[in-house]
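Novice: Quick one: structure below, then a few questions.
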Amino acid sequence: MWNFPLAPDQASTYAGPHDALFYTITALTVLFTLIVFIAVIFLTVRYRRGTKVNRLDPVHEHLALELTWSIIPLILALGIFFWSTKNFIDVRTPPKDAMDIFVMGKQWMWHVQHPNGVRENNSLHVPVGRPVRLIMISQDVIHAFYIPEFRVQYMVVPGRYTYEWFQATKPGTYHLFCNMYCGTQHAEMGGTVTAMSERDYAQWLQNQGESVGQLSSVERGALEFDQMKCNNCHTDHDTERGPSLNGIAGTMRKMSNGSTVKADLVYLRESILRPWDRLTAGYGPAMPMYQGEISEEDVVSLIDYVASLGSAQLKPQMASDSRNLGTVSQKVRKEKQPRMAVGALGSEEEKSMGNPKPRALAVGSLADDGKGR
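Under our numbering, the first residue of the sequence shown is numbered 26, with each subsequent residue one higher.
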């Protein structure tokens with residue numbers, strides 16, 4: 026609106042409605058403050074000691090005045106309520122065609138993973154004119170992902186996924202902040218958001234991938250699935266050791282306690298990290314827990330791979346047969362440098378992927394129950 030620090034550029038579809046509501050509330054606040062201020066000054070001067078005014082017949086009631094100062098504020102308050110409710114619903118309801126990007130916050134940096142597996146640190150590249158949904162989680166404490174020019178912010182907490190979405194409206198480089206105090210270097214936990222045309226964004230993704238022989242998230246998940254020996258228990262059909270994961274994503278699963286749960290993103294994550302929390306019907310607590318053993322990036326890749334196994338939304342790119350997994354392994358071994366585009370956690374991933382702990386996702390990783398069986 027104006028080029029000064031209290032009013033950063035409007036660079037998203039939500040920025041306009043947000044600012045319109047904000048300035049309307051500000052204007053009404055200033056207006057009524059002035060009305061009260063002027064009334065107080067007027068009455069103070071008029072009825073000060075020594076003035077010749079009639080004080081013998083004070084007004085005790087005035088129906089018209091009372092209705093005026095009750096009904097007008099009520100109408101304005103209801104208008105603000107419905108207007109703000111609409112804005113809230115809009116900003117918390119991403120379009121169905123929104124592109125998902127994973128964000129992981131930790132003291133004191135942001136890690137970002139794009140749909141094709143490209144990763145970045147403390148920066149986020151997005152296409153202009155396309156809705157983007159950020160799926161966020163924290164590795165340690167509570168953070169807040171804040172983009173002032175887009176007028177969006179949401180909490181990033183450990184242990185569960187949170188979401189925010191936006192649609193950039195013009196190319197440019199914008200500020201990114203953590204807006205929740207998270208430790209001694211909180212002020213340094215910032216970065217940039219780069220909005221570019223769809224064509225430039227597609228080219229950027231392609232260049233980042235080619236520059237490091239990038240694996241897609243599904244391919245990386247397939248490799249982890251093989252290295253962690255998940256396929257010892259989870260094959261293409263249910264066995265005594267574990268249920269098949271083919272087509273599990275998005276389905277309703279029956280738990281050992283008789284309840285049912287949808288195998289969504291939250292459930293799949295819980296089933297990998299804490300499989301004993303909810304056990305799949307017919308299976309016991311045989312799968313090891315991976316809480317603290319693997320990174321959030323690895324969890325995301327495993328979830329993407331599981332979702333690709335017969336999922337209606339993701340065509341399987343890496344089935345769990347040995348030939349495909351072998352192809353991926355050969356592809357990784359050829360690389361002499363970290364697989365992460367833009368260097369997000371390069372050393373961290375190489376560590377977790379190159380020297381996996383000899384633990385099998387025994388009996389039911391991702392068990393229906395959220396409990397790994």
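Even glycine gets a Cβ: it sits at the ideal position worked out from N, Cα and C.
What separation, rounded to the nearest whole angstrom, lies between the Cα atoms of Tyr-315 and Arg-294?
Specialist: Rounded to the nearest angstrom, the two C-alpha atoms are 10 Å apart.
Novice: For Leu-230, which of helix, strand or coil comes out of DSSP?
Specialist: helix
Novice: Would you identify the three-state DSSP class for Asp-44, choosing helix, strand or coil?
Specialist: It is helical.
Novice: Using the rule of at least 16 other Cβ atoms within 10 Å of the residue's Cβ for burial, across every protein chain shown, is Lys-131 buried or exposed?
Specialist: buried
Novice: Ends of the alpha helix (DSSP H) at Arg-294?
Specialist: Counting along the chain, the alpha helix (DSSP H) containing Arg-294 begins and ends at 290-298.
Novice: Less than 9 Å between the beta carbons of Cys-417 and Tyr-171, yes or no?
Specialist: Because the chain in this structure spans residues 26 to 398, residue 417 falls outside the shown range and cannot be described.
Novice: In this structure, how does DSSP classify Asp-122 when only helix, strand and coil are distinguished?
Specialist: coil
Novice: Note down the Cα distance separating Leu-159 from Ala-102, rounded to an integer number of angstroms.
Specialist: 32 Å
Novice: Taking 8 Å as the threshold, find out whether the stretch 256-271 comes into contact with the stretch 304-314 through three or more Cβ pairs.
Specialist: Yes, the stretch 256-271 is in contact with the stretch 304-314.
Novice: Contact check, Phe-250 vs Leu-327 under 8 Å by CB: the rounded distance?
Specialist: 6 Å
Novice: I'd like the span of the alpha helix (DSSP H) that includes Glu-244, first residue to last.
Specialist: Boundaries of the alpha helix (DSSP H) around Glu-244: 242-252.
Novice: Relative to the C-alpha of Met-312, which candidate in Thr-51, His-259, Glu-322 and Phe-127 has its C-alpha closest?
Specialist: His-259
Novice: Considering only their Cβ atoms, is the gap separating Leu-201 from Val-143 smaller than 9 Å?
Specialist: no
Novice: Do you know whose CA, among Val-243, Glu-223, Asp-289 and His-139, lies nearest Ala-274's CA?
Specialist: Asp-289
Novice: Is the CB-CB distance between Thr-217 and Thr-198 below 9 Å?
Specialist: yes
Novice: Under 8 Å: do the stretch 80-92 and the stretch 109-126 share three or more Cβ pairs, one atom per stretch?
Specialist: Contact check between the stretch 80-92 and the stretch 109-126: fewer than three CB pairs, one atom from each, fall below 8 Å, which does not count as touching.
Novice: Just the C-alpha distance for Ser-37 and Trp-94, rounded to the nearest angstrom, thanks.
Specialist: 37 Å
Novice: Could you compute how far the alpha carbon of Val-243 sits from the alpha carbon of His-150?
Specialist: Those two C-alpha atoms are separated by around 20 Å.
Novice: Could you give the DSSP three-state label for Trp-108: helix, strand or coil?
Specialist: helix
Novice: Where do the ends of the beta strand (DSSP E) carrying Glu-189 lie?
Specialist: Segment 187-191, the beta strand (DSSP E) holding Glu-189.
Novice: With 16 other CB atoms within 10 Å as the buried threshold, where does Pro-98 fall?
Specialist: exposed
Novice: Could you give the DSSP three-state label for His-87: helix, strand or coil?
Specialist: Coil at His-87, not helix or strand.
Novice: If you draw a straight line from the alpha carbon of Val-153 to that of Glu-223, how long is it in whole angstroms?
Specialist: 6 Å
Novice: Where Met-134 and Ile-66 are concerned, what is the direct C-alpha to C-alpha distance, given to the nearest angstrom?
Specialist: 53 Å
Novice: Below 6 Å CB to CB, which residues in the same chain sit around Pro-407 once its five sequence neighbours on both sides are set aside?
Specialist: Coverage of the chain is limited to positions 26 through 398, which leaves residue 407 absent and any answer about it impossible.
Novice: What are the boundary residues of the beta strand (DSSP E) that Ser-284 is part of?
Specialist: Here Ser-284 belongs to no beta strand (DSSP E), and DSSP marks it neither H nor E.
Novice: Using 10 angstroms around the beta-carbon of Leu-56, count the other beta-carbons present and answer buried if the total reaches 16, otherwise exposed.
Specialist: Burial call: exposed.
Novice: Mind reading off the beta-carbon distance from Gly-322 to Met-129? Whole number of angstroms is fine, and I expect it under 8 Å.
Specialist: In the sequence on display, residue 322 carries Glu and not Gly. 7 Å between Cβ atoms; contact.
Novice: Could you please give me the residues that DSSP links to Val-151 through a beta bridge?
Specialist: Ala-220
Novice: Which of the three DSSP states, helix, strand or coil, is assigned to Trp-94?
Specialist: helix
Novice: Quick one: Cα of Ser-333 to Cα of Ala-247, how far?
Specialist: When rounded, the separation of the alpha-carbon atoms in Ser-333 and Ala-247 is 10 Å.
Novice: Can you find the residues in the same chain that come closer than 8 Å, C-beta to C-beta, to Ala-212, ignoring five residues on each side of it along the sequence?
Specialist: Closer than 8 Å at the Cβ level, and outside the excluded window around Ala-212, lies no residue.
Novice: At the level of alpha carbons, what is the spacing between Pro-196 and Asn-141?
Specialist: One alpha carbon belongs to Pro-196, the other to Asn-141, and they sit about 22 Å apart.
Novice: Just the C-alpha distance for Ser-296 and Gly-208, rounded to the nearest angstrom, thanks.
Specialist: 30 Å
Novice: From which residue to which residue does the beta strand (DSSP E) around Leu-201 run?
Specialist: 197-203
Novice: With a 10 Å radius around its C-beta and 16 neighbouring C-beta atoms as the bar for buried, classify Val-61 as buried or exposed.
Specialist: exposed
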